[in-house]
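Asks: Numbering (UniProt numbering), first residue to last: 1 to 622.
Note that beta-carbon positions come from the ideal geometry of N, C-alpha and C, so glycine has one too.
On a predicted model such as this, the values are computed, not experimentally measured, just so you know.
Starting off with a structure, shown below.
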Amino acid sequence: MTEYDYEALGLVAGLEIHQQLDTATKLFCQCPTDRREPAESTRSFTRYLHPTRSELGELDDAAVEESKVEREFEYLAYDTTCLVEEDDEPPHELDAEALETTLEVAQLMDMSPVDQAHVMRKIVVDGSNTTGFQRSSLIATDGEIETSEGTVGIEDMLLEEESAQRVEETGDGVRYSLDRLGIPLVEIGTRPDISSPEQALEAAERIGMLLRSTGKVKRGLGTIRQDVNVSIEEGARVEIKGVQSLDDIDDIVRNEVARQAELVEIRDELADRDASVGDGQDVTAVFEDTDSGVIAGALSSGGSVTAVPLYGFDGIVGREIAPDRRLGTELSDHAKRHGAGGIFHTDELPAYGVTEDEVTALREAVGAGPEDAVAIVAAETDVAEAAIEAAAERAETALEGVPEETRGANDDGTTRYLRPLPGAARMYPETDVPPVEPDPSDVPEPELLTEKVDRYQDEYDLGEGLAEQVAYGEHMPLFETVVADGIDPTLAATTLESTLTELRRDDVPVETLTRSHLESVLRMVEDGDLPNEGVPDLLEALAEDPDRTAAAAADDAGLGGADEAEVREAIVEVVDRNGDQVEEEGMQAFSGLMGECMGALRGKADGDLVSELLREEIQKRT
């Protein structure tokens, strides 16, 4: 990849971090925040969503474009969702637990809470909210975080409801799941103070650490999402949505800078060529006898082939502007928004069954010369006409440079077009939820994860590595709870980090283990009802059958603590069975026999007791 001078290009970037909160109930109802499998849904219903006007009578551009594609939205409901999620009951008051957690985060970022928080409606018509809008409330403003490249201001923090989970595309639209809809979510927006890809990554990591320091955020894939706003001096502001992994942020910024820089070069070259975009035309006749499977398939279904001449664009439509993405890919993304499978263009033809003769005939049909390019769409007639118009509009913006738009993050660090940037017409007041007055006076400031690492070493005598694993791990809140309840810190730390990790590597379904399971197992050890050595076996038994209690699973697996007489009996059997070895090697046989004894006892006895009794029995025979 080309190395860019980001300062010379005038790179400006900002972040929007979206983090689910680990509250007992959702933001505007009393439903739990548990996630469900689609197969567990108890019923479903469908909706069609359309944009509404703001208080000033304006329509949001992004919502209008979204509504051009007529789609049916199906929603899966559960016994853990209610009429609020279905938009058949007004929302309840703002969840107090979610508000308190948001104020804790605000303290960590030196933010100032607002005097009064009002809930607003943010228009969203992609189906991810049954209402056609997302409820959102500004809670705090004017904070900052530090990075190695300088201070990054925090513009605002909002408390929002999470959207519904997209399950799959259907023949008529999209299927969503309501289990996620309404989970409290904080949105943290930075000021555009970020000037390098590395600083963007560092700022995101810092914010992530501060969020986890509360111990009150959800963990796991999809519980935190990052949006990145990027622009260069001659480019435009582009909002990149849905960066799932923190590690991708710097690559996303690098690739977006490269894309905008290439589009600026393309703009200048098109200006030198006096390039322009022609009108869409029907060129079905050119492909009546085509061998192209894609085109023939569309025509056999009664469809059409539409084309647009791109004067002066020859060689440019196929130019790479990001890894494995070209200007033609941008045109194709816009065409796909209107139902087409994509576009073909003359920079890549002949190919895909399209012959040289057909390319020549295509150029003649639209009046394109050797310096020009042609883009085509084959689909149902109405789709083909709308799609080629969208591709032509995108080609027009190439003459101007970089369009302001919202893009989606791809897994490879590149991006794709989603929709225009939303405007002010997107927001209007929510009249069903009363305002609240945030009071930070009784909200304690959370201990930073970095401070927890130090405290775990000093107070609990954990090694630095284990202390860091616990502090940054998903079970940190549970660790603090059980240690405060008298559980040995080393036992708790090794079980929650090392033991669970080893079981996961052995394909044990540890994700089925609940907080109650883990607490019960640790309590059994602390109370002497289970030896340390029995912890892995008991956790595995519970993971395989999570409906049982820890005590019942221990009984079924014979994992209860054995008394000294039982332990000695088992050890004597092992020593007798290896009598010749003991007489010959004496205490040198200890290591081998220790493993055999522990295996015979199958987690019923503590290792220290087994070791003591085994030494006694060996000494008796030497």
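Applying the 10 Å Cβ sphere with the 16-neighbour rule, what's the burial state of A140?
Replies: Counting other Cβ atoms within 10 Å of its Cβ, A140 reaches 16 or more and is therefore classed as buried.
Asks: Check for me: the beta strand (DSSP E) holding G173 runs from which residue to which?
Replies: Run containing G173: 173-177, per the beta strand (DSSP E) assignment.
Asks: F73 by DSSP, collapsed to three states: which one?
Replies: strand
Asks: Which residue from G182, R121, S195 puts its Cα closest to that of Y4?
Replies: For Y4, the closest alpha carbon among the candidates G182, R121, S195 is that of S195.
Asks: Grab the span of the alpha helix (DSSP H) containing L327 for me, first residue to last.
Replies: Counting along the chain, the alpha helix (DSSP H) containing L327 begins and ends at 327-336.
Asks: Touch check for the stretch 83-94 and the stretch 8-18: three-plus C-beta pairs under 8 Å?
Replies: no
Asks: How many whole angstroms separate the CB atoms of Q226 and A204, which I take to be in contact at a CB cut-off of 8 Å?
Replies: 6 Å
Asks: Taking the continuous beta strand (DSSP E) assigned at Q165, which residues delimit it?
Replies: 165-169
Asks: Alpha carbon to alpha carbon, what distance is there between L108 and R548?
Replies: 40 Å
Asks: Tell me whether Q244 is buried or exposed, calling it buried when 16 or more other Cβ atoms sit within 10 Å of its Cβ.
Replies: exposed
Asks: On the three-state DSSP scale, how would you describe K216?
Replies: Coil.
Asks: Is any beta-carbon of chain B found at less than 9 Å from that of Q588?
Replies: Although the question refers to chain B, the structure presented lacks it and comprises just one protein chain.
Asks: Could you check how far apart the C-beta atoms of V277 and V308 are, in whole angstroms? I think they sit under 8 Å.
Replies: 7 Å
Asks: CB-CB under 7 Å to V264, same chain, minus the five flanking residues each way: which ones, in chain order?
Replies: E234, G235, G401, V402
Asks: Please state the DSSP three-state secondary structure of T102.
Replies: helix
Asks: By alpha-carbon positions, which one of R337, N129, E617 ends up nearest to R121?
Replies: If we check each option's Cα against that of R121, N129 comes out closest.
Asks: Could you give the distance in angstroms between the alpha-carbon of A605 and the alpha-carbon of G534?
Replies: Taking the straight line joining both Cα atoms gives about 8 Å.
Asks: When the Cα atoms are used, what is the spatial distance from V124 to R259?
Replies: 27 Å
Asks: Between which two residues does the beta strand (DSSP E) carrying R135 extend?
Replies: 133-147
Asks: Buried or exposed for A543, please, with buried defined as at least 16 other CB atoms from any protein chain shown within 10 angstroms of its CB.
Replies: buried
Asks: Measure the Cβ-Cβ separation of L613 and R568 and say whether it is below 9 Å.
Replies: Against a cut-off of 9 Å, the Cβ pair of R568 and L613 comes out as a contact.
Asks: At which residues does the alpha helix (DSSP H) containing K452 begin and terminate?
Replies: 449-460
Asks: Please report the Cβ distance between V377 and T306, rounded to the nearest whole angstrom; I am assuming they are in contact, meaning their Cβ atoms lie under 8 Å.
Replies: Going by Cβ atoms, the distance from V377 to T306 rounds to 5 Å, so yes, they are a contact pair.
Asks: Do you know whose CA, among L246, V521, P509, lies nearest D488's CA?
Replies: V521
Asks: What three-state label does DSSP hand F28 in the structure shown?
Replies: Taken through DSSP and simplified to helix, strand or coil, F28 comes out as coil.
Asks: Taking 8 Å as the threshold, find out whether the stretch 443-460 comes into contact with the stretch 152-163 through three or more Cβ pairs.
Replies: no
Asks: Between the Cα of residue 635 and those of T290, T360, R135, spot the shortest distance and give me the residue it belongs to.
Replies: Residue 635 is absent from the structure shown; the chain starts at 1 and stops at 622.
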